[in-house]
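Numbering (this note's numbering), first residue to last: 58 to 169.
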(Lines of atoms letter the chains of each structure in order from A and count residues from 1; the text may use other names and numbers.)
(Lines give C-alpha, C1' and ligand atoms only; values in the text may rest on other atoms or scores of the structure.)
Protein backbone atom coordinates (compact mmCIF):
# COMPACT_ATOMS: atom_id res chain seq x y z
CA UNK A 1 0.00 0.00 0.00
CA UNK A 2 1.46 3.43 -0.93
CA UNK A 3 2.44 5.67 1.97
CA UNK A 4 2.77 9.43 2.11
CA UNK A 5 6.04 10.67 3.49
CA UNK A 6 8.13 13.78 3.66
CA UNK A 7 10.71 14.06 0.90
CA UNK A 8 14.25 15.36 1.07
CA UNK A 9 14.40 17.41 -2.12
CA UNK A 10 16.69 20.41 -2.60
CA UNK A 11 13.65 22.70 -2.66
CA UNK A 12 9.94 22.35 -2.07
CA UNK A 13 7.58 21.82 -4.98
CA UNK A 14 4.59 24.04 -5.61
CA UNK A 15 1.54 22.74 -7.43
CA UNK A 16 0.95 25.03 -10.41
CA UNK A 17 -0.71 24.42 -13.76
CA UNK A 18 0.87 26.85 -16.21
CA UNK A 19 0.94 26.61 -20.03
CA UNK A 20 4.48 26.28 -21.41
CA UNK A 21 6.28 25.85 -24.71
CA UNK A 22 9.06 23.29 -25.10
CA UNK A 23 11.96 23.44 -27.52
CA UNK A 24 14.12 20.32 -27.76
CA UNK A 25 17.84 20.83 -28.44
CA UNK A 26 18.61 20.21 -32.11
CA UNK A 27 15.01 20.76 -33.25
CA UNK A 28 13.15 23.84 -34.36
CA UNK A 29 9.75 22.38 -33.45
CA UNK A 30 7.79 23.99 -30.61
CA UNK A 31 5.72 21.67 -28.41
CA UNK A 32 2.98 22.60 -25.95
CA UNK A 33 2.63 21.21 -22.42
CA UNK A 34 1.73 22.43 -18.93
CA UNK A 35 3.37 22.35 -15.54
CA UNK A 36 2.01 20.13 -12.78
CA UNK A 37 4.38 21.39 -10.11
CA UNK A 38 7.42 23.63 -10.05
CA UNK A 39 10.42 24.32 -7.83
CA UNK A 40 13.59 26.38 -8.05
CA UNK A 41 15.46 23.28 -9.25
CA UNK A 42 13.00 21.54 -11.55
CA UNK A 43 9.55 21.03 -12.95
CA UNK A 44 7.04 18.27 -13.56
CA UNK A 45 5.25 18.63 -16.89
CA UNK A 46 2.07 17.04 -18.19
CA UNK A 47 0.25 16.96 -21.50
CA UNK A 48 3.34 16.46 -23.67
CA UNK A 49 2.68 14.39 -26.80
CA UNK A 50 5.95 14.49 -28.76
CA UNK A 51 9.08 12.38 -28.71
CA UNK A 52 11.80 12.98 -26.14
CA UNK A 53 14.26 10.89 -24.14
CA UNK A 54 15.90 11.07 -20.72
CA UNK A 55 18.99 13.27 -20.87
CA UNK A 56 17.66 15.56 -23.62
CA UNK A 57 18.26 19.24 -23.04
CA UNK A 58 15.15 21.36 -23.53
CA UNK A 59 14.16 24.99 -23.25
CA UNK A 60 10.96 25.67 -21.32
CA UNK A 61 9.28 28.98 -22.05
CA UNK A 62 6.55 30.48 -19.86
CA UNK A 63 5.22 33.77 -21.16
CA UNK A 64 8.34 35.66 -22.27
CA UNK A 65 10.81 33.96 -19.92
CA UNK A 66 12.70 30.79 -20.68
CA UNK A 67 15.39 28.56 -19.18
CA UNK A 68 17.40 25.44 -20.02
CA UNK A 69 16.36 22.11 -18.47
CA UNK A 70 17.51 18.48 -18.70
CA UNK A 71 14.94 15.66 -18.86
CA UNK A 72 15.32 13.44 -15.76
CA UNK A 73 12.42 11.03 -16.31
CA UNK A 74 9.44 10.36 -18.59
CA UNK A 75 6.28 8.36 -17.93
CA UNK A 76 3.54 7.58 -20.42
CA UNK A 77 -0.07 7.54 -19.31
CA UNK A 78 -1.89 4.29 -19.94
CA UNK A 79 -4.14 4.36 -23.04
CA UNK A 80 -3.02 7.90 -23.89
CA UNK A 81 -0.41 9.59 -26.05
CA UNK A 82 0.27 12.12 -23.28
CA UNK A 83 3.45 11.90 -21.24
CA UNK A 84 4.59 13.36 -17.95
CA UNK A 85 8.14 14.65 -17.75
CA UNK A 86 10.42 15.51 -14.86
CA UNK A 87 13.11 18.02 -15.76
CA UNK A 88 16.02 19.52 -13.82
CA UNK A 89 16.71 23.22 -14.28
CA UNK A 90 20.19 23.95 -15.62
CA UNK A 91 19.79 27.62 -14.67
CA UNK A 92 18.40 27.39 -11.09
CA UNK A 93 18.94 31.10 -10.38
CA UNK A 94 16.64 32.06 -13.22
CA UNK A 95 13.03 32.80 -12.20
CA UNK A 96 11.03 31.27 -15.08
CA UNK A 97 7.68 31.33 -13.31
CA UNK A 98 7.56 35.09 -12.82
CA UNK A 99 7.18 35.14 -9.04
CA UNK A 100 8.13 33.00 -6.13
CA UNK A 101 5.37 30.62 -5.13
CA UNK A 102 4.61 29.94 -1.49
CA UNK A 103 6.29 26.72 -0.51
CA UNK A 104 3.98 23.81 0.25
CA UNK A 105 4.52 20.63 2.22
CA UNK A 106 6.53 18.16 0.15
CA UNK A 107 4.57 14.93 0.41
CA UNK A 108 4.57 12.20 -2.18
CA UNK A 109 3.54 8.59 -2.54
CA UNK A 110 6.16 6.01 -1.86
CA UNK A 111 5.77 2.97 -4.13
CA UNK A 112 6.84 -0.36 -2.76
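Even glycine gets a Cβ: it sits at the ideal position worked out from N, Cα and C.
This one's a predicted model, so the numbers in the text were calculated from it and none came from an experiment.
Taking the C-beta atoms as reference points, residue 148 is found no nearer than 7 angstroms to residue 123. For residue 94, the enclosing beta strand (DSSP E) starts and ends at 87–95.
Where residue 100 is concerned, the enclosing beta strand (DSSP E) starts and stops at 99–105. Between residue 115 and residue 131, the CB-CB gap reaches or exceeds 7 angstroms. In the three-state reduction of the DSSP assignment, residue 69 falls in the coil class, being assigned neither a helical nor a strand state.
Beta-bridge partners assigned by DSSP to residue 76: 91.
Straight-line spacing of the CA atoms in residue 93 and residue 70 works out to 10 angstroms. Contact between residue 112 and residue 134 fails: their C-beta atoms lie close to 21 angstroms from each other, not under 8 angstroms. Take the alpha-carbon of residue 76 and the one of residue 82: they are about 20 angstroms apart.
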